[in-house]
Each structure stands twice: as structure tokens, then as C-alpha cells.
Amino acid sequence: MSKLCTLWQREIAAYFLSPIAYLVMVSFLVLNGVGFWMLVMAFDGRTNDVSVMQIFFGSFFYWIGMLMAVPVITMRLFAEEKRLGTIETLMTAPVSDVVVVWSKFLGAATFFALLWLPTLSYSWLLNQFAAAPTPIDWGPVVMAYIGTMLVGFFYVSLGLMASSLTQNQIIAAIIGFVLIAIMFFLGFMINIGPAWLQSFFGYIGSIDHVRDFSRGQLDLRRVILYISATVFVLFCTQKIVESRKWR
């Protein structure tokens with residue numbers, strides 16, 4: 002556990018030493034800030050904070066921020082190690098491949114979670130400047146963030162797997178974006194094919210999941226789905242990393 006924590010801290014520190022991380026952070030916050038402001042202006046005080054936040058957690062800006070930020074966050078995780086030649090040192094260190102993979106995932110997941118931290122103020126700001134302030138119903142808001150983290154961590158695992166496939170960060174970002182986009186757009190295919198296929202697409206579609214979470218609906222099946230999918234992708238990433246030893 003101590004080795005995992007040490008490598009986890011190393012990954013987090015690497016983010017804050019990279020100018021790209023700050024660029025992602027600023028761009029992400031500006032994008033979501035603009036989207037939030039546009040929603041507030043559109044409603045113009047005619048609704049409460051819950052309605053605005055429910056729409057925010059399914060808006061164009063929300064998903065663009067998610068789809069664009071995650072591949073950039075994860076592209077360096079293994080690709081940079083390969084490019085610099087430090088991957089061999091890391092792989093021959095007295096730590097298992099599982100620890101290496103999970104430490105990189107936890108580092109990226111932590112940075113992803115930190116991106117959303119400033120947006121916690123949105124509900125409070127809505128309440129402070131609303132025409133008729135009301136007590137904030139934190140239930141749907143908290144559930145929306147839980148849903149965001151579940152979906153986001155799954156996307157991070159896909160980006161990490163993409164980074165393990167190449168030593169070029171740009172290629173890693175492109176592969177990661179394609180994988181994430183495929184999972185995202187499956188939610189738009191609920192009207193395609195036979196009933197069982199439509200049901201399958203609806204079950205794994207991220208859009209509907211986040212929308213339901215933002216309404217305060219906790220479906221344990223979806224929680225288990227994302228946790229299981231994330232662990233499975235990390236397992237696949239571990240096998241990809243281990244394959245270097247077979248060459």
C-alpha cells in the first residue's frame with residue numbers, strides 16, 4: 002500500500018509540474034463557467050437551483066469538457082514514460098504492474114476530480130443571486146457529482162489504456178478520445194436495431210445515467226456497472242503493460 006501511495010503522489014505531482022495540466026484546468030473551468038452562465042441567463046431567475054443544475058449536468062458544455070479533458074489528462078501517463086525511456090526503470094522497480102497501473106489511474110482520477118471542485122460553488126451562487134432564494138436541496142446535486150465521478154473515472158481508465166498502447170502522446174490522446182466518444186455516442190443509438198439492442202444501448206449510455214443521477218436517482222446497477230467496467234479496463238491495461246515482458 003505504501004508503494005501505491007508513493008507512486009500515486011508522484012503522478013499527482015507530475016500533473017502540477019506540467020503546463021498542459023494548467024491549460025486543461027483553465028480551459029475546462031472557462032468552458033463550464035460559460036455554459037453555467039448561459040443557463041442562468043436563459044432561465045433569468047424563473048426556476049430554482051435544482052432545475053438549472055440538472056440541465057447543467059447534461060449540457061453541451063458539460064459533455065464537451067468531459068470528452069476533451071480526459072484524453073489530454075491521460076495521454077502522458079504511459080506514453081511519456083515510454084518516450085523518455087523511464088518505463089523500463091519503472092517496470093524493473095520492486096513494484097508490481099498492478100500497483101503501477103492503479104497508481105497512474107488514481108493520479109489521473111484525482112486530477113479529474115479536482116477539475117470539478119470549483120463547480121461545487123455553482124449551486125451556492127444560484128441560491129445567493131436568485132430572485133427568491135430557497136434552501137439548497139443538496140441531494141440531487143451530490144448525486145450528480147457522484148454520477149460524474151463514476152462516468153469520468155471510467156473514461157479515465159479508457160484514456161489510461163490508450164496511453165499504454167503507444168509512446169506518442171498525441172496518438173494516445175486520439176485513441177483515448179475515440180474510445181471515450183464511442184462509449185458516449187452509444188447513448189444516442191437507443192432507437193437503432195431490435196428491442197434488445199436498444200435496451201442494451203440505453204443501459205450503457207452515459208447521457209441517461211448522468212441525467213438520472215442529477216435528478217437524485219441512485220441506481221445501484223449503474224454504480225456497479227461503472228465500477229466493474231473501470232476495473233475491467235484497468236485489468237486490460239495491466240495485461241497490455243505486462244505484454245512488454247513477453248517481447
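Residue numbering for the sequence shown follows the numbering used here, beginning at 2 and increasing consecutively.
A virtual CB, placed ideally from N, CA and C, is assigned to each residue, including glycine.
Secondary structure of residue i, DSSP reduced to three states
| i | result |
| --- | --- |
| V35 | helix |
| A58 | First, the amino acid is wrong: residue 58 is Phe here, not Ala. Here F58 sits in coil by DSSP. |
| L187 | helix |
| P195 | coil |
| I244 | The amino acid at residue 244 is misidentified as Ile; the sequence shows Ser. If DSSP states are grouped into helix, strand and coil, S244 belongs with the helices. |
| G108 | helix |
| M76 | coil |
| Q168 | coil |
| Q129 | helix |
| V53 | helix |
| V224 | helix |
Residue environment, residue i, which counts as buried when at least 16 other CB atoms sit within 10 Å
| i | result |
| --- | --- |
| E12 | buried |
| W125 | exposed |
| E89 | exposed |
| Q55 | buried |
| F233 | exposed |
| S19 | exposed |
| L8 | buried |
| L180 | buried |
| I171 | exposed |
| Y63 | buried |
| M2 | exposed |
| I225 | exposed |
Among the options, nearest to residue i - alpha-carbon criterion
| i | options | result |
| --- | --- | --- |
| Q239 | I228, D98, R216 | D98 |
| V25 | T120, P72, L159, R223 | P72 |
| L59 | V234, T231, D213, V35 | A small correction: the amino acid at residue 59 is Gly; Leu does not occupy that position in the sequence shown. Closest option to G59, Cα to Cα, is D213. |
| S244 | E81, V35, A14, M92 | M92 |
| A14 | V41, M76, G108 | G108 |
| D220 | S158, S3, L151, I241 | L151 |
| L161 | I241, F57, I205, L116 | I241 |
| I32 | F236, P119, V224, A80 | Checking the sequence, you will find Leu at residue 32 rather than Ile. Closest by alpha carbon: P119. |
Continuous alpha helix (DSSP H) stretch holding residue i: start and end
| i | result |
| --- | --- |
| P141 | 139 to 164 |
| T90 | 87 to 93 |
| L5 | 3 to 17 |
| S215 | 207 to 215 |
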